[in-house]
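Enquirer:
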Amino acid sequence: MLTLPPSAAWAAVLTVEQMYEADRRTIAGGRSGVALMEAAGLAVAQEALRWLARLPGGRPGQRGPVVVLCGPGNNGGDGFVAARILARRGYPVRLALSGDRAALSGDAAVMADRWTGAVEPLDPALLDRAVLVIDALYGAGLSRPVDGVAAVVINRINALGLPCIAVDVPSGVQGDTGAVLGCAPQCVATVTFFRPKPGHYLYPGRQARGALVVADIGIPDAVLAEIAPQTFLNGPALWTLPQPDWQDHKYARGHLVVLGGAEMTGAARLVARAARRSGAGLVTVAAPEDSAAVYAADAPGTLVASLAERGRYRALLDDLRKTVYVLGPGGGVGKKLRRRVLATLEAGRHCVLDADALTSFAGEADTLFSAIAAAAGQVVLTPHDGEFMRLFEADGSRLHRARQAAARSRAVVLLKGADTVVAAPDGTACITANAGPDLATAGSGDSLAGIIGGLLAQGLEGFSAAAAGAWLHAEAGRRLGSGLIAEDIAEALPEILERLR
Ligand SMILES: NC(=O)C1=CN([C@@H]2O[C@H](COP(=O)(O)OP(=O)(O)OC[C@H]3O[C@@H](n4cnc5c(N)ncnc54)[C@H](OP(=O)(O)O)[C@@H]3O)[C@@H](O)[C@H]2O)[C@@H](O)CC1
Ligand SMILES: Nc1ncnc2c1ncn2[C@@H]1O[C@H](COP(=O)(O)OP(=O)(O)O)[C@@H](O)[C@H]1O
Ligand SMILES: [K+]
């Protein structure tokens, strides 16, 4: 079982069901549901006030109203609270309810009673003069696609480009998956409670939410230990980077081997560079005879071992100091690569399997998974969606698919994308939220494989190496921004690593 540091609690992400559980446990502990809802509505109102201070016409007595859209459940209840607080502050507020007021129950009914203003029916015309919209239609309880008047209203918010603040999640975004059911408003901000939900970090929910505010509503952190969340936001709270010690020599920082391709030589060179920049003590490119000269001419600090003679790869594997192998980038799909992957797993070396190393097992995934199950080393698979589909039959959100794949393969699975997910076989998973689309460039994934390999070489276990690698890669991308090319990623690492020291 994977053990994360105590700091991981700060990065916990709760499923919708776990959030209800946190709510139940807090109420059982003596705090009332009404108090939680008051705190939630207050947090929403405070965020609205921050936006109103910046918006043209957004002041007490302003010309246009704040329009609060309330749904039939507790999400709507939070909306009633926010409306009351904003009205008391002197803002004109119009509140619309989807459904019948008499049908409200529980805490939401209490909050509706505390609202003394008019309750209007949901209607797109409400939005005509709105300065700000608060979307309290559906939250955790979203149970089907948004349709009818609610959909018309949401589409109108988007068409008018109105600033909208979502309560908990933009209505229509599924908290567990980030999927949009029907439609969802494009929000400037979303106020959620206690801890974020996966849908705040998984696309397209991530896009719809705008800025994320996580409000403390009085749920004690102690309930986290009882709930034992398995999903986290990727970041330094989850892992600790290896730091060189005064007693270290290069072999103590690990020796990584990357298998060079015969034709696509750039990929392994990017791997080697990124592995060295992330701190591996030695990096060797195992090079096919015809391309060995290309690798040798690349960088003076990278070692090259020619595979010219038969048995040379085997000889590398027999050298116990070479602990980590990165296989796949530019490797060439086929039997030869498949054999080498299996030999490396069998030799007990730590492996990062990427690109062609994954595609080489299309239609023969079981052979790979059996070898991984028997492997003594750490194994990290780094597919993008296309490679993933060649190996795994998984459905659902990217988080769910990565988890299923990790459980199936018994490897750490890093599913690449704008919201890269890393999952361990025991179900522990994290979502990476610091990446930007500048990273979508050829060779970017090779750099990622190199970083992960470099961290494995320095002794990080598989999940931490993959998570830290994804975060560092994303962070490099974020800092480099426009004009990023894959070669830059490794060069951006020293500054990031230095700051984490
Ligand atoms: N848990 C906590 O700790 C805290 C939770 N808090 C707040 O509670 C919220 C969760 O409240 P909730 O459980 O009442 O669910 P909610 O999102 O209001 O929706 C349920 C209602 O909507 C309806 N409905 C659903 N989809 C629909 C659709 N497409 N189209 C039409 N109708 C649809 C659904 O109808 P049904 O499926 O029952 O027919 C039901 O009537 C949470 O997001 C947060 O804001 C805070 O107060 C602080 C503490
Ligand atoms: N839109 C995006 N936003 C953020 N990161 C992205 C985006 N698209 C791709 N990436 C990242 O860029 C990398 C691309 O890897 P990959 O597809 O393997 O490229 P290559 O094989 O050319 O190296 C992955 O780490 C992926 O997460
Ligand atoms: K909402």
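Counting in UniProt numbering, the sequence shown runs from 1 upward without gaps. Even for Gly, the Cβ is constructed at its ideal location relative to N, Cα and C. Just so we're clear, the structure is a prediction, and the values are computed from it rather than from any experiment.
Which of the three DSSP states is assigned to Asp100 in this structure?
Expert: Asp100 falls in the coil class under three-state DSSP.
Enquirer: Does DSSP put Ile431 in a helix, a strand or coil?
Expert: DSSP places Ile431 in strand when its eight states are reduced to three.
Enquirer: From Phe194 to Pro220, what distance separates their C-alpha atoms?
Expert: Roughly 9 Å between the two C-alpha positions.
Enquirer: Ignore the nearest five residues each way along the sequence and tell me which others in Ala39's own chain have a CB closer than 7 Å to its CB.
Expert: Closer than 7 Å at Cβ, skipping near neighbours: Ile217, Gly218.
Enquirer: At a cut-off of 8 Å, would you count Ala215 as near ligand 2, judging by its Cβ distance to the nearest heavy atom?
Expert: Outside the cutoff, so no.
Enquirer: Under 8 Å, with one C-beta from each stretch per pair, do the segment 253-265 and the segment 444-464 reach the 3-pair mark?
Expert: Segments in contact, yes.
Enquirer: Taking 6 Å as the limit, name every residue whose beta carbon sits nearer than that to some heavy atom of ligand 2, in sequence order.
Expert: In chain order, the qualifying residues are Ala355, His384, Lys416, Gly417, Ala418, Thr420, Ala435, Gly436, Pro437, Leu439, Ala440, Ala442, Gly443, Ser444, Gly445, Asp446, Leu448, His473.
Enquirer: Classify Val153 as helix, strand or coil using the three-state DSSP reduction.
Expert: The answer is helix: DSSP assigns Val153 an H, G or I state.
Enquirer: I need the boundaries of the beta strand (DSSP E) containing His350, first residue and last residue.
Expert: Its beta strand (DSSP E) spans residues 350-354.
Enquirer: Just to confirm my understanding: we take Gln230, look at its own chain, exclude 5 residues before and 5 after, and list those with CB closer than 6 Å. What are they?
Expert: Here the set comprises Gly427, Thr428.
Enquirer: What ranges does the alpha helix (DSSP H) occupy inside the segment 451-493, keeping only unbroken runs of at least 4 residues that lie completely in it?
Expert: Listed in chain order, they are 462-480.
Enquirer: In whole angstroms, what is the alpha-carbon distance linking Gly301 and Val188?
Expert: For Gly301 and Val188, the distance between alpha carbons rounds to 48 Å.
Enquirer: Label Gly178 either buried or exposed according to how many other C-beta atoms from any shown protein chain fall within 10 Å of its C-beta, with 16 as the threshold for buried.
Expert: Gly178 comes out buried.
Enquirer: Does Lys322 come out as helix, strand or coil in the three-state DSSP assignment?
Expert: Here Lys322 sits in strand by DSSP.
Enquirer: For the segment 456-467 against the segment 362-369, are there 3 or more C-beta pairs whose distance is under 8 Å?
Expert: Too few Cβ pairs lie closer than 8 Å, so no.
Enquirer: Could you check whether the segment 65-77 touches the segment 122-139, counting it as contact only if at least three pairs of C-beta atoms, one from each stretch, sit closer than 8 Å?
Expert: Yes, since at least three Cβ pairs between the segment 65-77 and the segment 122-139 fall closer than 8 Å, the two stretches touch.
Enquirer: Counting C-beta neighbours from all protein chains within 10 Å, is the total for Met1 16 or more, i.e. buried, or is it exposed?
Expert: That one is exposed.
Enquirer: So which of Ala357, Leu316, Arg338 has the shortest CA-CA distance to Pro329?
Expert: Nearest C-alpha to Pro329: Ala357.
Enquirer: Tell me the rounded alpha-carbon separation between Ala402 and Gly436.
Expert: If you take the alpha carbons of Ala402 and Gly436, they lie about 20 Å apart.
Enquirer: With a 10 Å radius around its C-beta and 16 neighbouring C-beta atoms as the bar for buried, classify Trp471 as buried or exposed.
Expert: The residue is buried, with at least 16 neighbouring Cβ atoms inside 10 Å.
Enquirer: So if I measure from each beta-carbon to every heavy atom of ligand 3 and keep distances below 7 Å, which residues remain?
Expert: Cβ-based neighbours of ligand 3 within the cut-off: Asn75, Asp135, Ala136, Leu137, Tyr138, Gly139, Ala166, Val167, Asp168, Val169, Pro170, Ser171.
Enquirer: Which class does Ala222 belong to by DSSP, given the choice of helix, strand or coil?
Expert: Looking at Ala222 - three-state DSSP - the assignment turns out to be helix.
Enquirer: According to DSSP, is Glu17 part of a helix, a strand, or is it coil?
Expert: Note: Glu17 maps to helix in three-state DSSP.
Enquirer: What is the DSSP secondary structure of Arg501, reduced to helix, strand or coil?
Expert: Note: Arg501 maps to coil in three-state DSSP.
Enquirer: Quick one: give me the first and last residue of the beta strand (DSSP E) that Val180 is part of.
Expert: First-last for Val180: undefined, no H or E at that position.
Enquirer: Exposed or buried, which one is Met389 when buried takes at least 16 other CB atoms within 10 Å?
Expert: Met389 comes out exposed.
Enquirer: Based on the DSSP secondary-structure assignment, which residues constitute the bridge partners of Val173?
Expert: For Val173, which the question treats as bridged, DSSP gives the partners Val180.
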